[in-house]
Amino acid sequence: VHRSYSNERGATKIEDNERLEFLGDAALELAISDIMFHEFPNYTEGELSKLRSLIVNERQLSKLAEDLELGKAILLGKGEELTGGRTKPSVLADCMEAVLAAVYLDGGYQKLKEVVERLFGNIFMGSRSPLEFLNRDFKTRLQEFTQNEYKETPTYELEKETGPDHDKTFYVSVLVGDKKVGYGVGKSKKAAEQKAAEEALEVLQKEKDAQ
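Each step along the sequence shown adds one to the number in our numbering, with nothing skipped, and position 172 is 1027.
Okay, structure coming up:
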């Protein structure tokens, strides 16, 4: 139940998902932290924190919600429906958190942990390095982010290259519209573009979170 639907009910107003979203967010962080702590004993605190931030975010949760077709089940207000609420990443991610809270309330922590392990199994199983798995393509992730948020496709500019032919270093910037949002250096043009995309993702995500 989205808040927009609840607000439109007037005197017959029903409770929306926001309290469940609050609980689901906290429960998911705990379950993910618990799993990572035991699965990756050689990871430092910093690596664990980075991995968790790459897993517990709007993009990952909205993708899971899409895979489960949760958008079809959301009760939306008329205005939210007209603006495409069923496919908004923020709405889908919130819905996923509410579902996880419901699992926790109905089945307890152990059941929640089992569900989380199944949902995120592609990260925790069969991957020698989950950080590498999640970081494998920053350019794709940046393009998805900018298209969702700004309806723009990022462009990459080679600013310069230095060194002899057998040992070049490439310097690349990435722009969204006319704004430079990231800069990367690498031993190949592709590597420099990935670094630039990684920096851009961090910058743009911080800007979004601060709004």
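All residues carry an ideal CB built from backbone N, CA and C; glycine is no exception.
Since Val1027 is in the beta strand (DSSP E), which residue starts that stretch and which ends it?
Thr1024 to Val1031
Flag this pair as touching only if the segment 939-957 and the segment 876-885 have three or more C-beta atom pairs under 8 angstroms; answer yes or no.
yes
Please specify which runs of the alpha helix (DSSP H), each continuous and at least 4 residues long, are wholly inside the segment 909-978, giving them in chain order.
913-922, 933-937 and 944-974
Would you kindly report the start and end of the unbroken beta strand (DSSP E) that includes Gly879?
No beta strand (DSSP E) holds Gly879; the alpha helix (DSSP H) holding it covers Glu873 to Glu894.
Starting from Tyr1038, trace the alpha helix (DSSP H) both ways and give me its first and last residue.
Segment Lys1034 to Gly1041 is the beta strand (DSSP E) holding Tyr1038; no alpha helix (DSSP H) there.
Compute the beta-carbon to beta-carbon distance between Glu1012 and Thr1024, rounded to the nearest angstrom, for a pair I have assumed lies under 8 angstroms.
16 angstroms between Cβ atoms; not a contact.
Considering Cα atoms alone, identify which of Ala1047, Lys1045, Ala1052 and Val1040 is closest to Leu1030.
Ala1052
Report buried or exposed for Lys1042, applying the criterion of at least 16 other Cβ atoms within 10 angstroms of its Cβ.
exposed
Residue span of the beta strand (DSSP E) that contains Glu1016, given as start and end
Thr1010 to Thr1017
Asp1064 lies in the alpha helix (DSSP H); which residues open and close that run?
Lys1044 to Ala1065
Let me confirm a value: Ala1055 is counted as buried when at least 16 other C-beta atoms fall within 10 Å, else exposed. Which label applies?
buried
Cα separation between Leu925 and Ala957?
14 angstroms
In whole angstroms, give me the CA-to-CA distance for Pro944 and Thr899.
31 angstroms
What's the gap between the Cα of Tyr964 and the Cα of Arg941?
29 angstroms
In this structure, how does DSSP classify Thr899 when only helix, strand and coil are distinguished?
coil
Measure from the alpha carbon of Leu903 to the alpha carbon of each residue in Arg914, Glu913, Val911 and Ser888, then state which is nearest.
Ser888
Among Ser917, Asn897, Glu884 and Val1027, nearest to Ala1046 - alpha-carbon criterion
Val1027
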